[in-house]
Amino acid sequence: MDQTVQTDTPDDTPSFGAGHTNSTDLRRIRSNPDFWYPVAWSKELKAGKTIGTRYAGTPIALVRPTEGTVFALEDRCAHRQVPLSKGKVCGQSVQCCYHGWAYGRSGRCIDVPYLGKGKLPNGVRTFPCREQDGLIFIFPGDPDKADTVPLPPRLARVGDPAYKTRFFGQEVKCHYSFMHENLMDMNHQFMHMKQMGQMRPRFLGQKREPGLVEAQYSFARTSGKQPLGEALIFGERRDSSEKFQHRDVMTIRTEYPYQTLRIQTGDEDPVMDLWIVYVPQDAEELTNRTFGLLSVKRPKVPGVLELAWPFLVAFTERIFAEDREIVELEQNAWRELGGDHNVEVFPVINALRALLAECGVSEPAVNA
Amino acid sequence: MDQTVQTDTPDDTPSFGAGHTNSTDLRRIRSNPDFWYPVAWSKELKAGKTIGTRYAGTPIALVRPTEGTVFALEDRCAHRQVPLSKGKVCGQSVQCCYHGWAYGRSGRCIDVPYLGKGKLPNGVRTFPCREQDGLIFIFPGDPDKADTVPLPPRLARVGDPAYKTRFFGQEVKCHYSFMHENLMDMNHQFMHMKQMGQMRPRFLGQKREPGLVEAQYSFARTSGKQPLGEALIFGERRDSSEKFQHRDVMTIRTEYPYQTLRIQTGDEDPVMDLWIVYVPQDAEELTNRTFGLLSVKRPKVPGVLELAWPFLVAFTERIFAEDREIVELEQNAWRELGGDHNVEVFPVINALRALLAECGVSEPAVNA
Amino acid sequence: MDQTVQTDTPDDTPSFGAGHTNSTDLRRIRSNPDFWYPVAWSKELKAGKTIGTRYAGTPIALVRPTEGTVFALEDRCAHRQVPLSKGKVCGQSVQCCYHGWAYGRSGRCIDVPYLGKGKLPNGVRTFPCREQDGLIFIFPGDPDKADTVPLPPRLARVGDPAYKTRFFGQEVKCHYSFMHENLMDMNHQFMHMKQMGQMRPRFLGQKREPGLVEAQYSFARTSGKQPLGEALIFGERRDSSEKFQHRDVMTIRTEYPYQTLRIQTGDEDPVMDLWIVYVPQDAEELTNRTFGLLSVKRPKVPGVLELAWPFLVAFTERIFAEDREIVELEQNAWRELGGDHNVEVFPVINALRALLAECGVSEPAVNA
Chain A
1 MDQTVQTDTP DDTPSFGAGH TNSTDLRRIR SNPDFWYPVA WSKELKAGKT
51 IGTRYAGTPI ALVRPTEGTV FALEDRCAHR QVPLSKGKVC GQSVQCCYHG
101 WAYGRSGRCI DVPYLGKGKL PNGVRTFPCR EQDGLIFIFP GDPDKADTVP
151 LPPRLARVGD PAYKTRFFGQ EVKCHYSFMH ENLMDMNHQF MHMKQMGQMR
201 PRFLGQKREP GLVEAQYSFA RTSGKQPLGE ALIFGERRDS SEKFQHRDVM
251 TIRTEYPYQT LRIQTGDEDP VMDLWIVYVP QDAEELTNRT FGLLSVKRPK
301 VPGVLELAWP FLVAFTERIF AEDREIVELE QNAWRELGGD HNVEVFPVIN
351 ALRALLAECG VSEPAVNA
Chain B
1001 MDQTVQTDTP DDTPSFGAGH TNSTDLRRIR SNPDFWYPVA WSKELKAGKT
1051 IGTRYAGTPI ALVRPTEGTV FALEDRCAHR QVPLSKGKVC GQSVQCCYHG
1101 WAYGRSGRCI DVPYLGKGKL PNGVRTFPCR EQDGLIFIFP GDPDKADTVP
1151 LPPRLARVGD PAYKTRFFGQ EVKCHYSFMH ENLMDMNHQF MHMKQMGQMR
1201 PRFLGQKREP GLVEAQYSFA RTSGKQPLGE ALIFGERRDS SEKFQHRDVM
1251 TIRTEYPYQT LRIQTGDEDP VMDLWIVYVP QDAEELTNRT FGLLSVKRPK
1301 VPGVLELAWP FLVAFTERIF AEDREIVELE QNAWRELGGD HNVEVFPVIN
1351 ALRALLAECG VSEPAVNA
Chain C
2001 MDQTVQTDTP DDTPSFGAGH TNSTDLRRIR SNPDFWYPVA WSKELKAGKT
2051 IGTRYAGTPI ALVRPTEGTV FALEDRCAHR QVPLSKGKVC GQSVQCCYHG
2101 WAYGRSGRCI DVPYLGKGKL PNGVRTFPCR EQDGLIFIFP GDPDKADTVP
2151 LPPRLARVGD PAYKTRFFGQ EVKCHYSFMH ENLMDMNHQF MHMKQMGQMR
2201 PRFLGQKREP GLVEAQYSFA RTSGKQPLGE ALIFGERRDS SEKFQHRDVM
2251 TIRTEYPYQT LRIQTGDEDP VMDLWIVYVP QDAEELTNRT FGLLSVKRPK
2301 VPGVLELAWP FLVAFTERIF AEDREIVELE QNAWRELGGD HNVEVFPVIN
2351 ALRALLAECG VSEPAVNA
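Chains as they are written, first to last, in our numbering: chain A, 1 to 368; chain B, 1001 to 1368; chain C, 2001 to 2368.
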């Protein structure tokens, strides 16, 4: 069988060399704020402290009182707009570092030390806030929708004793859409050849549902040995001579705005389960902070995964560094060319691009 | 008596949460050039040398001939606009480093080494220039007004043997108005709690005259011990148990474009006398260079102040570092929000804002 | 005889103080792409490798197969615009590092690893490319003109055993026109006084032909000793007492877009022969990369030049550092003033400015 990917239907035939003639540039599509976005790791925010974080140009102060749940305020004092996250947590309120104005959980100003209580000014905006699986999420959009939009029920396999989970991430200087495309197009495995050896992906098919695009692949090693880091993730060594080629299936799904990648054999539990999201940082959304949870199934021999963990960490860091470099180069090219000139020939990526454009927001950013 | 500050009259009632609805943004008001501004410390400019400095985007070459007073030229050669301050001082002239064009005290071009004397091109702009109390001042506005606009008669207590004076300053990345507001609103003492302990300011009243706003405060220590650095400035230790609370009066005055802060008890000479000015650097005036003179009264025991001086320097540096951080954060917020969103509730600060808007210039910068 | 330069004719009388009233600003004139420009040193590009370089904002991938000549492609993969110069050279093609798309010498896409051969997308732009005297040239303009526009027949004296040649250069943050003016106006020798002692240039005359401006000078040392570095270049020591003053003639020529400087005595071979070009890097052409070849005639005693070479290198580096600083200050002034305010009084420089404006392109840059 020919292993080259064929477009699914004649309708999918790309118009080569013409570039996208869409009226909207995908890299100008803003993320839809009516979803839950992680803005910090739980461990970043100690009890009785506040930290500053961002979503799409909006500064956010996260506050963890010594008692009670985390809450989130716009990170600008109503008085002179300096960050509340530079302030002090007092009970269920945070006090601005500059002149001591204090705000409660509801965002209301509850004290100005040098002003009568009857004259208190208005407060600051708040954001619905939840904490789950080691992440602090906010709901930056319409607060009335927060209760009806669910958080993902489970992030990777956090909390499952059969798995060990790595928390990772960093700021990447590109639009979030480049990240989704990078992960879903497994033909980019070519780029990781030095890390992973020559692997040939076979595209098995795609699925498109409202809010969702999914791609499935199998792999065949065409030369070289499987590296240790990869072996740890995939659960066993396989050589190019083996008959087990193409046994494992990799499923990559963008379920807006999150992305997952699972590797599994038949109906068994996945050997690897990744949950990842790319949270826009600046108002133009041309940088993102990545929050990733990578769960690896524990082998039968206890302790092996713990021993090998540093190798797995180093391996994934190298892969991620290569991905970061290339997506930032894509963003640079976009800036220089003044827009998106991609000529995409892979149908699942065109489906993904359509999904991101439909689910996102095409109006300009407030502060852009 | 209630120590919270009440607005003076019903007319002063702030409109909370609405922000300023002025047609002009205070951070876009340019400094009035028809005043004397320091642009360098005297000690920065050695005899026979020239240095480059700035006022509001205009580069200025200060020249100190080996004989005679300092003079000031626009710091761009008429030929190819390179800085004259890179050149050589020859007698009463400065010679451009590039092709040797020479300019006299009047700004006239007096020599082009490869051109006949009859064909000399026009020269460069000059600025009235004076030197006083360790500072070099220029008059950047209409030169005809320079003689009628007085320099401050005395900067702090420079030259008074009863005082020791510290010269300090640096570049701060904000509009000068943030600096004036920072110093005059003593409620920001809250921010210096780590340095100064818990002090509660009591606002005693304000004065408004043409070109002038003044605020008076007394202080009560509400907890903690007086730090050494502060004791040196205030002249003696006072604890919260003492009856002397609120005995000292702090007077902060903006007498456009300068600012002073004095601490005194009754009619005695002040224990501290500060003179400070914030000179815009760039054409948009969103950075300033601060020139401050802080005079501290010598205690009766000779030599004590000299011994303690390093502590006083370190103390004031820490205070100034905190102030600089917060005003730069204000400027950042202004940039991100695209304008001033301050909701000021303190009447004296609103008076100060009105003063700075009235005395300044609202036209756009020449090179902006 | 008066050594000051007189303007040649009354028509040349400059209008002092008025600045240029040309409708076009010389610093906005783009370089004419219909010439051969060096974009890399030969030694930068190893066999079987590719490197990324630039001309006026256009990224260029140079590819040197293990067999055959260098070729040049636009440095953006047709797929996702990432640099091909990050890719792999395979035979006579280069393969993009991201998803493995491959391009041949003609720029045609010859392989997409996951796509049928019948469906290959369009390729990338190519540039005529030649290699000569240690430099790799491209022809960024109309490819049809490449064959009729000659490369300079010889760069300085590369390959001539009677000379030793230094290859030098770096990025300079200014428009290329500042570089031409700097070198041609030898009155700027004033700036190098510390390096070269007091030398007085005498302007001997100028020549203007289509595409060419030439200036000739002689020099007299007015004080100080000749430094070693200079003596090496000029071939012998001369003191101010000597009768040989003004014996050597320096000829500086801009033959668009290149520049040369030769020093010779009578009809003898030049003691020094410099070829230099300033290649715009960014789309606005406000930075350039300088490629210079400096050939120095070998003295009669063999080995002397090799021994002294490090001194010559250090001497020319200091000169070049001074030049770079001043032209970057000129560019800064241009930015601050929002345009060119030069008041040029030297006729040959005005002729040079006219040449650069005529030969260049006044339309705006594509990506500006």
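Glycine included, each C-beta is placed from N, C-alpha and C at the ideal position.
Since residue i meets chain B, which of its residues come closer than 9 Å, beta carbon to beta carbon?
i          : result
Gly107(A)  : Result: empty, since nearest Cβ-Cβ is about 12 Å, beyond 9 Å.
Ile2326(C) : Arg1080, Val1082, Lys1086, Cys1097 and Tyr1098
Residue i touches chain B at which residues, Cβ-Cβ below 8 Å?
i          : result
Val112(A)  : Val1345
Leu312(A)  : The contacting residues do not exist; Leu312(A) stays about 40 Å from chain B at best.
His2188(C) : Tyr1098 and His1099
Where do the N-terminal and C-terminal ends of the alpha helix (DSSP H) with residue i fall, by residue?
i          : result
Phe40(A)   : The amino acid occupying residue 40(A) in the given sequence is Ala; Phe does not appear at that position. Looking at the DSSP string, Ala40(A) is not in any alpha helix (DSSP H); the run it does join, the beta strand (DSSP E), is Tyr37 to Trp41.
Asp1178(B) : With the sequence shown as reference, residue 1178(B) is identified as Phe, and Asp is not the correct amino acid for it. It spans Tyr1176 to Met1184 - the alpha helix (DSSP H) in which Phe1178(B) sits, taken as one unbroken run.
Val343(A)  : Element bounds for Val343(A): n/a, residue is neither H nor E.
Pro310(A)  : Val304 to Leu337
Compute the beta-carbon to beta-carbon distance between residue i and residue j, rounded to the nearest angstrom, for a pair I have assumed lies under 8 Å.
i          : j          : result
Gly2197(C) : Arg2221(C) : 6 Å
Glu1330(B) : Cys1090(B) : Rounded, the Cβ-Cβ distance is 46 Å, inconsistent with contact.
Pro38(A)   : Phe137(A)  : 5 Å
Val2271(C) : Leu2204(C) : Actually they do not touch by this definition, with Cβ atoms about 17 Å apart.
Ala215(A)  : Met184(A)  : 5 Å
Please list, in chain order, the chain B residues whose beta carbon lies closer than 7 Å to that of residue i.
i        : result
Arg76(A) : Ala1333
I'd like the list of long-range same chain contacts for residue i, defined as Cβ closer than 7 Å, with 5 residues on each side in sequence excluded.
i          : result
Ser1085(B) : Thr1050, Ile1051, Gly1052, Ala1061 and Asp1075
Gly2104(C) : Gln2092, Ser2093 and Ile2110
Gly1123(B) : Ala1078, Tyr1103, Gly1107, Arg1108 and Cys1109
Thr1021(B) : Unreliable placement is indicated for Thr1021(B), whose pLDDT of 43 sits below 50; no coordinate value is reported for it.
For a contact meaning CB atoms closer than 8 Å, what does residue i contact in chain A?
i          : result
Glu1330(B) : Arg80, Gln81 and Val82
How far does the beta strand (DSSP E) with residue i in it extend, from its first residue to its last?
i          : result
Cys77(A)   : Where Cys77(A) is concerned, there is no enclosing beta strand (DSSP E), given that its DSSP letter is neither H nor E.
Pro51(A)   : Per the sequence shown, the amino acid found at residue 51(A) is Ile instead of Pro. Element bounds for Ile51(A): Lys49 to Tyr55.
Gln206(A)  : Gln198 to Glu209
Lys1164(B) : Tyr1163 to Phe1168
Gln259(A)  : Tyr258 to Gln264
Glu2284(C) : First-last for Glu2284(C): undefined, no H or E at that position.
Ser2362(C) : Run containing Ser2362(C): none; DSSP gives neither H nor E here.
Val1249(B) : Val1249 to Glu1255
Phe2137(C) : Leu2135 to Ile2138
Thr1058(B) : Thr1058 to Arg1064
Glu1268(B) : From DSSP, Glu1268(B) is part of no beta strand (DSSP E); its letter is neither H nor E.
Gly104(A)  : Ala102 to Gly104
Taking Cβ-Cβ distances shorter than 9 Å, what residues in chain C pair up with residue i?
i          : result
His1073(B) : Sequence check: residue 1073(B) is Leu here, not His. Chain C residues near Leu1073(B): none, gap ~14 Å exceeds 9 Å.
Phe291(A)  : Simply none; closest approach about 24 Å.
Within a Cβ cutoff of 6 Å, which residues of the same chain sit near residue i, ignoring the five residues on either side of it in sequence?
i          : result
Asp25(A)   : Gly339 and Asp340
Arg353(A)  : Leu26
Arg247(A)  : Thr265
Glu1963(C) : The first residue shown for chain C is 2001 and the last is 2368, placing residue 1963(C) beyond what the model contains.
Gly2048(C) : Thr2066 and Val2089
Pro1113(B) : Gly1100
Pro1083(B) : Gly1052 and Asp1075
Using a C-beta to C-beta distance shorter than 8 Å, which residues of chain C count as neighbours of residue i?
i         : result
Asp185(A) : His2099
List, in chain order, every chain C residue whose beta-carbon is nearer than 7 Å to that of residue i.
i         : result
Phe219(A) : Result: empty, since nearest Cβ-Cβ is about 13 Å, beyond 7 Å.
Just the chain A side, please: which residues come within less than 7 Å of residue i by C-beta, in chain order?
i          : result
Met1191(B) : Cys97 and Tyr98
Return the chain-ordered list of same chain residues with a C-beta closer than 8 Å to the C-beta of residue i, the five sequence neighbours on each side being excluded.
i          : result
Ser1241(B) : Per-residue confidence for Ser1241(B) stands at a pLDDT of 47, beneath the threshold of 50, marking its modelled position as unreliable; the derived number appears in the next sentence. Result list for Ser1241(B): empty, nothing under 8 Å.
Glu1358(B) : none
Below 8 Å, can you find three or more Cβ-Cβ pairs linking the region 1268 to 1278 of chain B to the region 1291 to 1310 of chain B? yes
Does the contact criterion of 3 or more C-beta pairs under 8 Å hold for the region 2153 to 2168 of chain C versus the region 2308 to 2321 of chain C? yes
Are there three or more Cβ pairs, one per stretch, closer than 8 Å when the region 1032 to 1046 of chain B is compared with the region 1118 to 1137 of chain B? yes
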